[in-house]
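Chains as they are written, first to last, in the working numbering: chain A, 4 to 196; chain X, 842 to 1079.
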């Protein structure tokens, strides 16, 4: 997809592999435990590493912690990319607000090129989604989105909205149509407080 | 020629993005050939030692289904399939900007479901589209077409019957934008003059096929282009 703005030509792939960038927030799944950290699948052409030194310390450095007790194989986490270049696999950290193990909610996986559409202009789309479904939505730059709500039905509606946005990302008036779909679905359920 | 003019292409049909699980896919019907191409990648290099430090490794498997030919073809890779896999890979590699994805692999699969001569060329045409469908940055598309010689006459796009009776077969893959040939093989015998004629015929056919490839892509992503003119998506990205 190409667009001309002034004298610049912007070419955006409609589809493509996720290439990690510094400071990206991503959702990943632990695939292996090593001597000093975990190997994490962030759905990119490169496996990511989360070193144990990049997890929040609790001041008990003298005690050798069992890595398995922090993350086991198959665990889901929200992490941030702190290093990536042409010569190394991406490095992650979970030190930071909102980062760490995911223990509840639902996950949607969409094409990473559609994430900007989920967020919307100045966050307009994602704000609407969160407000209308009453859920918290964390979009990973790698196309994995975490949805947490008090009510599983709300989560399902948010997920449905996300897939709808992915399918129709290229159309106009999408925000309004998604909102209408959500309101329609929300009628049938009781909102948890 | 059996029915067609000397320089007439067999009918071609192209479809893009028909497989869900592959990152990119394309299907071609070229004459009676029916071929599927699928792309996975860029993805992690397995085994690790295969990875290159500065670019992606491109792997290609050309395979003919047991039911693709008159006599059942054994599913085991034959010497011919091994050779065609290499040759097809080499014809597509120059078009792939593999420097964008160091230490990863791009895997290409070409499966011939029905064969009627010219499968490597049709496979290249489809594989090029599949690469584009996967969102892999390409310098340009590659189109493939074969020419040959029957009864002393230079002829375009041989079918299996024609190839069996023919004196020479010349598969060609061509990149129109950079005006370069990325595959050139010959089976049989031709004079230098005949070779020049056949090559020119094949290259022109490739140019035609290239336009068909672009149309196939346009059709698949047509709506996206319309909407982007309105500037909505561009704003979201900014």
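From the three backbone atoms N, C-alpha and C, an ideal C-beta is built for every residue, glycine too.
- Per the coordinates, the alpha-carbon of residue 1002 of chain X lies some 12 Å from the alpha-carbon of residue 910 of chain X.
- Taking a C-beta cut-off of 9 Å against chain A, the contacting residues of the region 884–907 of chain X are 884, 885, 886, 894, 895, 897, listed in chain order.
- Among the residues of chain X, those whose CB is under 9 Å from the CB of residue 20 of chain A are 864, 882, 883, 884, 942, 945, 975, 976, 977, following chain order.
- At a C-beta separation below 9 Å, residue 868 of chain X has no neighbours in chain A, since its nearest C-beta there lies roughly 17 Å away.
- Among the CB atoms of chain A, one or more fall inside 8 Å of the CB of residue 1062 of chain X.
- For residue 52 of chain A, the three-state secondary structure derived from DSSP is strand.
- Residue 929 of chain X places its beta carbon less than 8 Å from that of residue 951 of chain X.
- Rounded to the nearest whole angstrom, the C-alpha separation of residue 89 of chain A and residue 933 of chain X is 23 Å.
- For the region 126–137 of chain A, the beta-carbon criterion of a distance under 9 Å to any beta-carbon of chain X is satisfied by 128.
- Nearest to residue 59 of chain A by alpha-carbon distance, out of A/164, A/102, A/26, A/134, is A/102.
- Think of a sphere of 8 Å around the beta carbon of residue 49 of chain A: the chain X residues whose beta carbon falls inside it are 885, 944, 945, in chain order.
- The continuous beta strand (DSSP E) containing residue 96 of chain A extends over residues 91–96.
- By the beta-carbon neighbour count (other beta carbons within 10 angstroms, threshold 16), residue 52 of chain A is buried.
- In the pairwise beta carbon analysis, the region 179–186 of chain A is classified as touching the region 147–167 of chain A: at least three pairs are separated by under 8 Å.
- Secondary structure of residue 122 of chain A (DSSP, three-state): helix.
- Of the candidates A/138, A/126, A/105, the residue whose Cα lies closest to the Cα of residue 31 of chain A is A/105.
- With a threshold of 8 Å between beta carbons, residue 17 of chain A makes contact with chain X.
- Per DSSP, reduced to three states, the secondary structure at residue 964 of chain X is helical.
- Just so you know, the alpha carbons of residue 971 of chain X and residue 872 of chain X end up roughly 20 Å apart.
- Residues of chain X with a Cβ closer than 7 Å to the Cβ of residue 89 of chain A are, in chain order, 943.
- Take the alpha-carbon of residue 112 of chain A and the one of residue 22 of chain A: they are about 16 Å apart.
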